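Per this note's numbering, the sequence shown starts with residue 14, numbered consecutively.
Note that CB positions come from ideal geometry on N, CA and C, so glycine has one too.
Every value quoted in this text rests on a predicted model; they were computed, and no experiment measured them.
Read through the structure below, which is laid out as structure tokens, and then see the notes.
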Amino acid sequence: MRRFVTAAALLVVLAAARIAAQQSPAGEWRVQFATPLGQHMVIMTLNQSGSKLTGHVTDEYGEYPLEGRFEDKQVTAAWSVYDDGKMLEITLKGTLEGNVINGVAKLGDAGEGPLVARRIGEAGEVRRR
């Protein structure tokens, strides 16, 4: 009986750890968002340490470092791009549900629009492009 209880407890702990890992935003994401400036698509790589997020965003113009936070399923990430002689800060805010983040992207003072990000790779994976 003791072995059964120990085995059952171990299964519960492993299942909880797997669910917690799936709720992490760490990994690679295809992010699509619309703003008054048009449709945009980037690949976002997130690393997580506690509630702090770091990583980078890649698009056809280059790669940009990002910083952010993850708390209570809420993902916030920000990066800057050079646009028309000045820096433009892009901020993503959304809710993580499994392998999808739904929310809003804000492009400095240019406006904001809806976004959806879908996980395309797990943390630590290296994808060839």
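Out of curiosity, what's the CA-to-CA distance linking E73 and G116? Distance between the alpha carbons of E73 and G116: 23 Å.
Per-residue DSSP class, three states only, for E73: Shown here, E73 sits in coil according to DSSP, grouped into three states, outside any helix or strand.
Under a three-way DSSP split, which group does A136 fall into? In the structure shown, A136 sits in coil (DSSP, three-state: anything other than H, G, I, E or B).
Residues bridged to L79 [DSSP beta-bridge criterion]: Per DSSP, G68.
How about V94 and L105: do their beta carbons lie closer than 9 Å? Against a cut-off of 9 Å, the Cβ pair of L105 and V94 comes out as no contact.
Since L109 and A91 are thought to touch, with beta carbons under 8 Å apart, how far apart are those beta carbons, to the nearest angstrom? Rounded, the Cβ-Cβ distance is 16 Å, inconsistent with contact.
Determine which residues share a DSSP beta bridge with P49 and list them. According to the DSSP secondary-structure assignment, P49 is paired through a beta bridge with no residue.
Need the endpoints of the beta strand (DSSP E) that A39 sits in, please. DSSP places A39 outside any beta strand (DSSP E), giving it a letter other than H or E.
Less than 9 Å separating the beta-carbons of G40 and L59? Cβ atoms of G40 and L59: closer than 9 Å.
Would you report the Cα separation of Q45 and V129, rounded to the nearest angstrom? In this structure, the CA atom of Q45 is about 6 Å from the CA atom of V129.
Going straight from the alpha carbon of N112 to that of P49, what length do you get? Near 27 Å, if we compare the C-alpha coordinates of P49 and N112.
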